[in-house]
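So the structure is just underneath, and the comments pick up after that.
Pasting the structure below:
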């Protein structure tokens with residue numbers, strides 16, 4: 001039986017340093033979205049903006065234009081074309097790839113090249129990215145966030161506690177296996193998360209988790225970031241459930257997550 005993730009993981013998260021300057025508390029490159037999927041663009045970017053200084057956003061032209069139109073009331077970010085993704089990747093702390101990305105040949109080439117050329121960088125790989133990568137590309141700075149079917153497709157095994165631990169150990173990465181009970185492992189230990197409820201089955205909540213995980217990983221160890229992210233994401237949902245039962249959405253989660261984090265940090 002695995003140990004539970006708790007408030008201690010959140011308390012261990014680093015805080016912005018006094019006297020620090022813009023960019024010193026996290027720089028994140030988000031590569032998400034396609035012509036069909038626009039929500040992932042907003043959710044991942046908006047939640048990340050609560051925790052990091054700079055966000056570079058890379059998507060198809062339609063989504064870049066959408067984010068620019070929302071910039072004044074959304075968050076601070078810099079929209080870049082995909083042609084600049086390789087150069088920008090060298091200057092950030094974490095690269096998030098996946099939500100709504102698409103699974104075409106161009107996307108696969110982009111993901112493969114980034115992972116091979118920037119092995120010194122932290123990666124968060126979610127959603128479509130999990131269908132584009134090969135396990136042998138993973139390393140200790142990678143966080144993958146598969147649900148049950150994605151885990152089976154990527155690692156060719158069921159996401160039991162023992163298999164999640166074994167896969168993380170074999171491929172030297174951090175795995176967040178999403179389900180009714182989230183499992184998080186770095187290959188040396190495995191922890192489970194009990195926060196969250198049925199209201200979090202709505203579209204966009206996975207994109208929120210991906211954005212939050214990537215943001216926390218900018219200034220924290222990947223394993224700590226993954227554990228804290230699943231706990232905070234679920235805790236925000238539990239706080240919302242107490243007020244509005246299951247009648248909340250991904251945007252509500254984004255607003256609640258900083259409040260949940262502040263509550264723990266102050267306690």
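Numbering (UniProt numbering), first residue to last: 1 to 267.
Glycine included, every Cβ here is placed at the ideal spot set by N, Cα and C.
A quick note: this is a predicted structure, and the numbers were derived from the prediction, not measured.
query	result
State the DSSP-derived secondary structure class of residue 72, mapped to helix, strand or coil.	With a pLDDT of 49 at residue 72, under the threshold of 50, the modelled position of this residue cannot be trusted; read the value that follows with caution. DSSP places residue 72 in helix when its eight states are reduced to three.
For residue 85, which residues in the same chain have their Cβ closer than 8 Å to its Cβ, ignoring the five residues on either side in sequence?	29, 31, 58, 110 and 114
First and last residue of the alpha helix (DSSP H) that includes residue 229?	222 to 244
Where do the ends of the beta strand (DSSP E) carrying residue 174 lie?	174 to 177
Sort 238, 100 and 183 by Cα distance to residue 195 and report the nearest one.	238
Three or more beta-carbon pairs under 8 Å between the region 171 to 182 and the region 12 to 30, yes or no?	no
Is it true that the region 233 to 247 meets the region 125 to 136, where meeting means three or more beta-carbon pairs spaced less than 8 Å apart?	no
What is the DSSP secondary structure of residue 123, counted as helix, strand or coil?	strand
Give the C-beta separation of residue 230 and residue 47 to the nearest angstrom, bearing in mind that I take them to be a contact with Cβ-Cβ under 8 Å.	Actually they are not in contact, since the Cβ atoms of residue 230 and residue 47 sit about 13 Å apart, beyond 8 Å.
Rounded to the nearest angstrom, what separates residue 151 and residue 159 at their Cα positions?	6 Å
Taking the alpha helix (DSSP H) that residue 130 falls in, what are its first and last residues?	129 to 132
From 53, 23, 241 and 124, pick the residue whose C-alpha is nearest to that of residue 98; which is it?	124
Do residue 167 and residue 96 have their C-beta atoms closer together than 9 Å?	no
Thinking just about the alpha-carbon of each residue, which of 78, 218, 201 and 219 is nearest to the one in residue 253?	201
Report the partner residues of residue 184 according to the DSSP bridge assignment.	176 and 191
According to the neighbour-count rule (16 or more other Cβ atoms, all chains shown, within 10 Å of its Cβ), is residue 53 buried or exposed?	buried
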